Structure formats: structure tokens, C-alpha cells
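S.K.:
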Amino acid sequence: MVPLDLDVIRLTLHVLAATVWVGGQIVLGALVGPLRRAAPATTAVAANAFARVAWPAFAVLLLTGMWNLAVEHTQGKHPGALGVKLVLVVLSGLGAALHSAAKTPAARGVWGAVGLLGALGAVLMGVAITEAG
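For any residue, its number in my numbering is found by taking its place in the sequence shown, counting from 1, and adding 1033.
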């Protein structure tokens, strides 16, 4: 029988939070143009609604990530890769925060891209670390 234990719950929470954080950025990025053309005011409404879900998901990612490290003791196996992943996680959160605070469309675009690329890179490194065992 497949175990449904605390490890499964921990990893499920981590993957679900990553899905919301990363997938939500991709979906919202795809919606910005059409929303802006259809009704410009809805862009900010959609962004604010996403932020109410995304930032708690990011917090869950951070907490479950620390929990993963504490439980799995993977920090010693691939320290370089883990360091890169942690930098990308910080870059993702910082990029998203600066995107939210940006005053110009150009700055929002740059910081949004930085946040998304950091998030995608963190996912890539997480999968690579997991596969490397």
C-alpha cells in the first residue's frame, strides 16, 4: 500500500504551492494583454486578486522548503545546486515584489520577467536535485 504520511502531505503542499506561484504567474502574464485591451481597469483587479493567493502560496513554498531540508537532509548532497535554487527562489520573490511596487509598465515588465524566470529556474533546480537523489 502507498503510504499517506506526513512526508506525502509535506511534498504535496510544496508542489501545490509551486503550482499556484509559478503557474499563476504564467496564466496572469497571458491574461494581461487581453484584459488591458478589453477593460484596462480589470488588469489591476486581476493582479490584486492573484496577489491574495500567490503570496500565501509563496509563504507555503518557503515553509515547506525549509521543512524539506530539515527532514530530508539534502543540503549536504548537492550544496551547489541547492544554493542556486535558493538564489532563484529569492530572485523570484524579489522580482515579484518589485513588479508589484513598480510605477511604470516597463519596470513592471522587467520585474515580472525576473520573478517568473527565477520561479521557473527554482522549479528546474528542484526537479534536478530530486532526480539526482
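Ideal placement from N, C-alpha and C gives every residue a C-beta, glycine not left out.
Since this is a predicted model, take the numbers as computed values, not measurements.
1) Given a cut-off of 7 Å on the beta-carbon distance, is the pair G1057 and A1087 in contact?
2) Can the beta-carbon of V1117 be found closer than 7 Å to that of V1055?
3) Can you tell me which of F1091, M1158, A1092 puts its alpha carbon nearest to the alpha carbon of A1114?
4) Measure how close the beta-carbons of L1046 and T1097 come, nearest whole angstrom, since I'm counting them as under 8 Å.
5) Is the beta carbon of G1145 sitting closer than 7 Å to the one on H1132?
6) Helix, strand or coil for D1038, going by three-state DSSP, please let me know.
7) Going by beta-carbon coordinates alone, are A1090 and V1053 separated by less than 7 Å?
8) Compute the distance between the beta-carbons of T1076 and V1093, then report whether it is under 7 Å.
9) Considering only the alpha carbon of each residue, which of A1072, E1105, V1123, T1137 lies closest to L1153?
M.R.: In short, the structure shows the following:
1) Yes, the Cβ-Cβ distance between G1057 and A1087 is below 7 Å.
2) Not closer than 7 Å, so no.
3) Answer by Cα proximity: M1158.
4) Indeed they touch by this definition, with Cβ atoms about 5 Å apart.
5) In contact: G1145 and H1132 (Cβ atoms closer than 7 Å).
6) DSSP places D1038 in coil when its eight states are reduced to three.
7) Their beta carbons are under 7 Å apart, which means A1090 touches V1053 by this criterion.
8) Result no, Cβ atoms of T1076 and V1093 do not sit closer than 7 Å.
9) With distances taken between Cα atoms, L1153 lies closest to V1123.
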